[in-house]
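Reading the sequence shown from the start, the letters are residues 1 to 345 in this note's numbering.
By construction, the Cβ of each residue, glycine as well, lies at the ideal position given by its N, Cα and C atoms.
For clarity, every value in this text was computed on a predicted model and none was experimentally measured.
Below is one structure, written out as structure tokens; the observations come after it.
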Amino acid sequence: MTLKTTWYETDSRFIPGHYQPATLIDLALSRDIDSHRLLRGTGLFHEDILAGQTRLSPLQFFALIGNSRRLLDADDSSFLFGQRLLPGHYGAASHALRHAQNLHQALDTLVQQQALLSPLMTPRLVLDEKHAYLYWLDSCGAGEQWRFLLEASMTSLVAMSRALSGQRLPWECSFSHAEPRYVEQYWVHLGEHTQFNRPLDLMRIPREFLARRWPDASAIAGQVARQEAQGQLQQLGCTSSFLDGMYRYLQRHVRHTPSLEQAAQAFAMSPATLKRKLQKHDTGFQQQVDLVRKHVALYLYQIKGFSNEAVAEYLSFNDAANFRRSFKRWTGSTPNLIRQLFNTG
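Put into structure tokens, the structure is as follows:
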């Protein structure tokens, strides 16, 4: 089956300059950064951003982030950027967030309107009996800007849910990278329960907080805004990125992983073209396969409570030793260590 090409790529110019990029530009200008230096090498001009007509590609946005990080040279830059991101001033999608009835509706809106609200990072929501989990995927090959975006995205959700609910919600944030030297910024913006060296970059909250009604939300305004935002997505012509499409395809076929040739056929392109597209997004086919299998294995351990043998069988490993070696390559840990981590987490 051939998949419809409704994705955006790292060089697709679809991000309104007066949306998330303007938020970062405003932050830099508030700290007396010269706009010409800030936009150097991005192909952008401040006047065009102000006119509200400019569309950026993810590559241009990454260049802007790189310039901002270098010129601001401050440990709190990503967190301050994140505090300003959501609900944001992005038209109907932001109004839909602002009038979410509860956290669950806000998270659903963020996931559904990701191309408008979080074009560089893809949020994925998973529920079990006790918790809601939100983990983040790299939409466009962020490379060295990944941690900045991760810090900003998690901060944006913590800040927005606090503002709209009227209280600080008990989010627990986990990061796969080691504890940084500026860990106090994590404590201030994300909470003191933040953990590092974990299997996934994710946020967790007790499920009971999903349905608690938020004050000041209008059900009618929210419904109309969601409909308008859906129309914006249709006008955009794409709802997610090429890497998101690849992730979903590999996830659907995770029990019998397709070859590069089979994946290329599904995406209606040659194997050589598929390889070039993945390289353009700073990744490769095997990396994407490993990412999906890692996420599915962790889901089966943590959410479904599967044993090592059951996970290995689900992922079609005939040899337990081969599964353990693969799992350690994906996560840096053995399955038993991961299970202990979940049991104590």
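Exposed or buried, what is residue i when buried is set at 16 or more other beta-carbons lying within 10 Å of its beta-carbon?
i      : result
TYR182 : exposed
ARG377 : The displayed coordinates of the chain run from 1 to 345. Any statement about residue 377 would go beyond what the structure contains.
ARG325 : exposed
TRP136 : buried
SER12  : buried
HIS99  : buried
ALA92  : buried
GLN60  : buried
SER270 : exposed
PRO335 : buried
ILE205 : buried
SER218 : exposed
ARG276 : exposed
LEU50  : exposed
ILE65  : buried
SER155 : Looking at the sequence itself, residue 155 is Thr, so the reference to Ser does not match. Answer is buried; the Cβ neighbour count reaches 16.
ASP216 : exposed
ASP73  : exposed
THR331 : buried
THR42  : buried
SER161 : buried
ALA159 : buried
ILE220 : exposed
THR273 : exposed
Just verifying my parser: in three-state terms, what is the DSSP assignment at residue i?
i      : result
ALA142 : coil
ALA211 : coil
TRP330 : helix
GLU172 : strand
HIS131 : strand
THR122 : strand
ILE205 : strand
ARG40  : coil
TYR90  : coil
LEU200 : coil
ILE15  : strand
GLN101 : coil
LEU50  : helix
GLN195 : strand
SER68  : helix
TYR182 : coil
SER240 : strand
LEU278 : helix
LEU315 : coil
ARG31  : coil
Give the C-beta separation of residue i and residue j to the nearest angstrom, bearing in mind that I take them to be a contact with Cβ-Cβ under 8 angstroms.
i      : j      : result
CYS140 : LEU120 : 6 angstroms
GLN101 : GLY222 : 7 angstroms
PRO87  : SER94  : 4 angstroms
LEU125 : VAL111 : 6 angstroms
LEU200 : LEU103 : Contact flag wrong, Cβ pair sits at about 20 angstroms.
ARG255 : SER316 : 6 angstroms
LEU38  : PHE45  : Wrong, their Cβ atoms sit about 11 angstroms apart, outside the cutoff.
GLN288 : MET246 : 5 angstroms
THR6   : CYS238 : 5 angstroms
PHE327 : ALA297 : 6 angstroms
TRP214 : LEU164 : 5 angstroms
PHE196 : GLU179 : 4 angstroms
ILE33  : LEU71  : 5 angstroms
So, using beta-carbon positions, are residue i and residue j closer together than 8 angstroms?
i      : j      : result
GLY82  : ALA142 : no
ASP411 : GLN185 : Residue 411 cannot be examined here, being either before or after the span of the chain that is shown, 1 to 345.
PHE14  : LEU236 : yes
SER68  : ALA28  : yes
LEU116 : ALA229 : yes
ARG147 : HIS177 : yes
LEU202 : SER240 : no
LEU300 : VAL292 : no
PHE242 : HIS295 : no
GLN114 : PHE62  : no
LEU80  : LEU107 : no
Counting Cβ pairs, one atom from each stretch, are 3 or more of them under 8 angstroms apart for the stretch 163-170 and the stretch 36-55?
Between the stretch 163-170 and the stretch 36-55 there are fewer than three inter-stretch CB-CB distances shorter than 8 angstroms, so the stretches are not counted as touching.
Okay, do the stretch 252-261 and the stretch 318-334 touch, 3+ Cβ pairs below 8 angstroms being the bar?
They do not touch, by the three-pair rule.
Three or more C-beta pairs below 8 angstroms linking the stretch 106-124 and the stretch 177-191
Output reads no: the stretch 177-191 does not touch the stretch 106-124.
So does the stretch 16-27 actually touch the stretch 249-256, counting three or more Cβ pairs closer than 8 angstroms?
At 8 angstroms Cβ cutoff, the stretches do not touch.
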